[in-house]
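When we follow the working numbering, the leftmost residue of the sequence shown carries the number 69, and every step to the right adds one.
We treat Cβ as the ideally placed atom computed from N, Cα and C, and that holds for glycine.
The structure displayed is predicted, hence computed values, not measured ones.
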Amino acid sequence: MIDWSQIDTVLLDMDGTLLDLHYDNYFWQQYMPRRYAEIHRRDAEESRAQVNSQINRSRGTLAWYCVDHWSEQLKLDIPALKREVAHMIRMRPFVEDFLKRLHHSDKHLVLVTNAHRKVLDLKLDHTGIGRWFDEMVVSHDYQMPKEDLQFWHRFHATHPFTPARTLLIDDNEAVLEAARRYGVGHLLTLLQPDSQRDKRLDTRFPGIHHFDEIMPDGQL
Ligand SMILES: [Mg+2]
């Protein structure tokens with residue numbers, strides 16, 4: 069599925085790619101609305117519907133990924149609430165082996181995430197995956213989410229890579245589409261970003277279930 073000899077740079081998404089998206093889905097759809105209702109003394113069901121629709125309206129924008137924005141909008145300390153359930157942050161299977169092999173290979177390995185830096189730091193603390201990367205990039209620093217073509221122009225301007233010899237693995241197909249338009253030559257998605265939800269059968273990009281399917285040769 070991947071000819072590693074054709075690839076110099078590997079760009080990896082974090083949530084739903086390296087880490088189980090169940091943490092994020094559970095947090096935003098269940099835990100946070102429940103805590104919102106408790107803290108603001110509102111009805112739990114009503115709060116859930118209201119908060120979910122408020123969040124869904126900004127899906128795909130940088131605000132959607134911004135915990136400072138939601139702390140302000142919802143009058144909640146979102147990073148503190150995230151820490152309350154941080155024990156649920158999990159690496160997906162084979163991720164550590166995959167990252168180690170790439171770390172010891174000649175590939176340039178970059179984490180590229182839409183996550184807010186506060187969330188990135190929390191997840192790095194709980195998983196230790198940061199040590200395997202040459203660089204870690206947060207789209208907030210470019211004022212554009214990865215779904216936007218403009219992000220790729222800005223990212224490339226500061227991080228030289230050869231698009232045709234670059235692999236991006238990301239569970240978000242809008243992100244893969246923007247990268248494809250920019251010229252990134254190798255694109256893969258994940259078939260089951262959230263371990264608690266059904267496997268996706270209708271992806272527009274080639275998908276893997278786990279990283280063992282594309283494990284590069286080399287030492288661990
Ligand atoms: Mg993702």
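Return the residue from the list the options that minimises the CA-CA distance to residue i.
i: Arg249; options: Gln260, Leu259 and Leu236; result: Leu236
i: Ile75; options: Glu140, Ser173, Lys143 and Ala242; result: Ser173
i: Arg160; options: Met283, Pro284 and His278; result: His278
i: Asp216; options: Arg158, Gly198 and Asn240; result: Asn240
i: Ile157; options: Ala242, Gly196, Glu140 and Gly253; result: Gly196
i: Gln211; options: Gln264, Leu130 and Leu86; result: Leu130
i: Gln141; options: Asn120, Ser73 and Phe223; result: Asn120
i: Trp72; options: Ala232, Asp262, Arg265 and Gln264; result: Ala232
i: Asn182; options: Ser263, Arg110, Asp285 and Asp92; result: Asp92
i: Asp285; options: Leu170, Asp81 and His155; result: Leu170
i: Glu106; options: His227, Phe219 and Leu149; result: Leu149
i: Val163; options: Gly253, Val180 and Leu87; result: Leu87
Looking only at DSSP bridge pairs, what is residue i linked to?
i: Ile276; result: Leu258
i: Met159; result: Leu87
Using the three-state DSSP reduction, which class does residue i fall into: helix, strand or coil?
i: Thr85; result: coil
i: Thr195; result: helix
i: His108; result: helix
i: Leu269; result: coil
i: Ile237; result: strand
i: His221; result: helix
i: Val135; result: helix
i: His95; result: Checking the sequence, you will find Phe at residue 95 rather than His. Here Phe95 sits in helix by DSSP.
i: Ser121; result: helix
i: Val243; result: helix
i: Asp285; result: coil
i: Arg186; result: The sequence as given places Lys at residue 186; Arg does not occur at that position. Helix, per DSSP.
i: Arg169; result: helix
i: Asp71; result: coil
i: Leu142; result: helix
i: Pro231; result: helix
i: Ser263; result: coil
The alpha helix (DSSP H) spanning residue i covers which residue range?
i: Leu80; result: Segment Thr77 to Leu80 is the beta strand (DSSP E) holding Leu80; no alpha helix (DSSP H) there.
Provide the residue span of the beta strand (DSSP E) that contains residue i, from first to last.
i: Met204; result: Glu203 to Val206
i: Ile146; result: No beta strand (DSSP E) contains Ile146, which is instead part of the alpha helix (DSSP H) from Ile146 to Glu152.
i: Leu179; result: His176 to Thr181
For residue i, I'd like the list of residues in its chain whose CB is within less than 6 Å of its CB, leaving aside the five on either flank, ordered along the chain.
i: Thr271; result: Thr257
i: Arg268; result: Leu259
Please list, in chain order, all residues of the same chain as residue i whose beta carbon is under 7 Å from its beta carbon, the five residues on each side excluded.
i: Phe166; result: Phe279 and Met283
i: Leu244; result: Leu236, Asp238, Leu255, Thr257 and Phe273
i: Leu192; result: Gly198
Sorted by chain position, which residues of the same chain lie with C-beta nearer than 8 Å to residue i's C-beta, five sequence neighbours on each side aside?
i: His184; result: Tyr133, Cys134, Val135, Asp136, Val206 and His208
i: Gly128; result: Pro213, Glu215 and Ala242
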